[in-house]
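Per the working numbering, the sequence shown starts with residue 269, numbered consecutively. A short write-up of the structure that comes next.
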Amino acid sequence: MTFAFDERLDGVLSLVDRNALITEIKALVPELELLHQEEDLRPFECDGLAAYRNLPMLVVLPETVEQVQQLMKICHVRGVPVVTRGAGTGLSGGALPLTQGVLLVMSRFTRILAIDPAARVARVQPGVRNLAISEAAAPFGLYYAPDPSSQIACSIGGNVAENAGGVHCLKYGLTVHNVLCAEVVTAEGECMTLGSQALDAPGLDLLALFHGSEGMLGVITEITVKLLPRPEMAKVVMASFDDIAKAGRAVGDIIATGIVPGGLEMMDKLAIQAAENFIHAGYPVEAEAILLCELDGIAADVHTDCQRVRDVLKAAGATDIQLARDDAERARFWAGRKAAFPAVGRLSPDYYCMDGTIPRRELPSVLRSIAELAAEYRLRVANVFHAGDGNMHPLILFDASEGDQLQRAEALGARILELCVAAGGSITGEHGVGREKINQMCVQFNPAEITAFHAVKHAFDEYGLLNPGKNIPTLARCAEYGRMHIHHGALPFPELERF
């Protein structure tokens, strides 16, 4: 097997004979749909992070597990890299294809295989939309809790690959907390079952390992998820603030009472105005920040918790507090928050959606620092937060057609992520690392930790063929990144000196 090293992708890529590969796939898997003309490949050149684009060598669209197995066996023998793609809604470049690789698109695996209302589980294929699971479970009074803002389009397989969250993850957890079992095809084309429908399974917890692995360890072909009963009651309290720092402190005050809201979200003034103009959710456009706090459960508990939260918000300096009058208004409040990303897209030709996590106590100071960085880079930033768990989504507004705005947006994004690390947080909360944050992995982790990550990948993917160049940087890349920033004095983070 002959390999070439591609520094741009930080990965080992095989020297692929494209025509021979096409001939072999057609001969061994004749029913597998294969795209190789440029006009057919173009729609797959990027995921939701459209700033990074790359035309794949081939796109395959399997419909059965057996087709996936056959393809993986062929690619493994020939040393062909494989990038797995779901709905393409990812925001970190995790599904960015390779010019010398196969893009394996799982969008035709769209069957809900079984719903067991007694056991409260659903077996689904990876291409099933997140929202479709709850829609199918609704007749039984059940739903699937993780609800990313893209839930109308994103697929459950991609949710597992990125360990997606959503506005209700504070109380109900991320994807990893709501999946019981997964069927996986390995790099060699073998099938493997991870987890079980029991509360525990023997051996190492490989199911958790696959969550957030971004297609680097195997191809997910089936998922068993937990279903929850619909709460008896859910109410949303919306609080307005004249100072975003007050809103940040109020988040910690609510959690300190012992109440765990179903959702606790924050938006700053720019995001509020964009969402209100787009959705007409009833947001106070004059506010500097709003908090949306959802409380759910038994009716008596919800009424009590609503009053306690109102008292906390008032003490924290809220200028106005509204309780959604009915389910329709509650739905509008959440519709505005879930539409914040597309709404901000109306303010600028381009925007860059960041994703980092910080301790809740650091919200006020980090918000001040983001404002200072935005002024330094001369770019506007709209802030949207899963505030309850400290997951930030600063949206950097820019115009790629104007001068160096794209470069400034990328540099500002990197500074924000590294600010999260300095505050004791992480460079991602739910969007993953992909290509976007691979440099910041060098700030988050030391050489020994990165070496351990590579060892885990090697155990599952000996030749490094699954999604190479993503998620885990090489030590050489980290050393170069550290030298660059230490030389320019741009980042005051001692972690970089370890390289």
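Built from N, CA and C at the ideal position, the CB exists for glycine as well.
Can you give me the Cβ contacts of residue i inside the same chain, cut-off strictly under 7 Å, excluding the 5 residues immediately before and after it?
i, result
"A584", "K514, R517, A518 and D521"
"Y749", "N707 and C710"
"A288", "none"
"E670", "none"
"R648", "L538, A642 and L665"
"R751", "none"
"E307", "none"
Using a Cβ-Cβ cutoff of less than 6 Å, which residues in the same chain neighbour residue i once the five nearest sequence positions on both sides are dropped?
i, result
"E406", "Correcting the residue type first, residue 406 is Ala in the shown sequence and not Glu. Excluding positions up to five away in sequence, the list is empty."
"V634", "I626 and A691"
"G702", "S360, G361, G362 and K738"
"V284", "V348 and Q368"
"L364", "Y320, N322 and R703"
"M269", "At M269 the pLDDT is 37, less than 50, meaning the model places this residue with poor confidence and gives no usable figure here."
"F238", "Past the boundaries of the shown model lies residue 238; the chain is included only from 269 to 767, so the question cannot be answered."
"Y645", "R676 and L680"
"P499", "D564 and G565"
"P715", "L743"
The alpha helix (DSSP H) with residue i in it runs from where to where?
i, result
"P662", "Taken as a continuous stretch (DSSP letters only), P662 belongs to no alpha helix (DSSP H), being part of the beta strand (DSSP E) at N659 to F666."
"K439", "C437 to Y440"
"M582", "Residue identity check: residue 582 is Lys in the sequence provided, not Met. Segment A567 to A583, the alpha helix (DSSP H) holding K582."
"G444", "At residue 444 the sequence reads Val, which differs from the Gly that was named. Unbroken run through V444: none, as it is neither H nor E."
"A611", "A608 to V612"
"E209", "Any property of residue 209 remains undetermined from this structure, which presents the chain solely from 269 to 767."
"V284", "Note, V284: premise wrong, no alpha helix (DSSP H); not H, not E."
"R676", "Q673 to A690"
Could you tell me which residues DSSP pairs with residue i in its beta bridges?
i, result
"N651", "P662"
"S637", "The partner list for S637 (beta bridge, DSSP) is empty, contrary to what the question assumes."
"T352", "L372"
"G624", "M660"
"T461", "E451"
"C561", "V505 and L532"
"T291", "For T291, which the question treats as bridged, DSSP gives no partner whatsoever."
"R346", "Beta-bridge pairing links R346 to no other residue."
"E301", "L329"
"S402", "Partner(s): none; S402 has no beta bridge."
"S423", "R397"
Report the three-state DSSP secondary structure of residue i (helix, strand or coil).
i, result
"G550", "coil"
"E763", "In this predicted model, E763 has a pLDDT of only 39, less than 50, meaning its place in the structure is not dependable enough to derive any value."
"F713", "coil"
"G697", "coil"
"Q590", "strand"
"M752", "helix"
"D536", "strand"
"Y619", "strand"
"I491", "strand"
"R310", "helix"
"Y411", "strand"
"P632", "helix"
"L734", "strand"
"L496", "strand"
"E397", "It should be pointed out that residue 397 corresponds to Arg in this sequence rather than to Glu. R397 falls in the strand class under three-state DSSP."
"V519", "helix"
"D595", "helix"
"R646", "coil"
"E430", "helix"
"G742", "Here the sequence assigns Thr to residue 742, which means Gly is not the residue at that position. In the structure shown, T742 sits in coil (DSSP, three-state: anything other than H, G, I, E or B)."
"A513", "helix"
"G604", "helix"
Please determine whether the Cβ atom of residue i lies at a distance below 7 Å from any heavy atom of the ligand GTP.
i, result
"L364", "You won't find the ligand GTP in this model; it holds no ligand whatsoever."
Hey, could you find the ends of the beta strand (DSSP E) residue i is sitting in?
i, result
"D384", "I380 to D384"
"T392", "Residue identity differs from the one stated: residue 392 is Val in this sequence, not Thr. Note, V392: beta strand (DSSP E), V389 to V392."
So, for residue i: in the same chain, excluding its five sequence neighbours on each side, which residues have a beta-carbon less than 8 Å away from its beta-carbon?
i, result
"N427", "N398, P414, P416 and T443"
"I290", "L302, H304 and L326"
"T461", "C449, A450, E451 and V452"
"P311", "none"
Would residue i and residue j qualify as a contact pair, given that the criterion is a beta-carbon distance under 8 Å?
i, j, result
"V652", "A539", "yes"
"E717", "D623", "no"
"L410", "K503", "no"
"G457", "H571", "no"
"E430", "G700", "yes"
"E556", "D536", "yes"
"G316", "G354", "no"
"V350", "L733", "yes"
"G526", "L438", "no"
"I566", "V505", "no"
"T492", "V435", "no"
"D510", "T454", "no"
"S616", "D667", "yes"
"F546", "R600", "no"
"L339", "I293", "yes"
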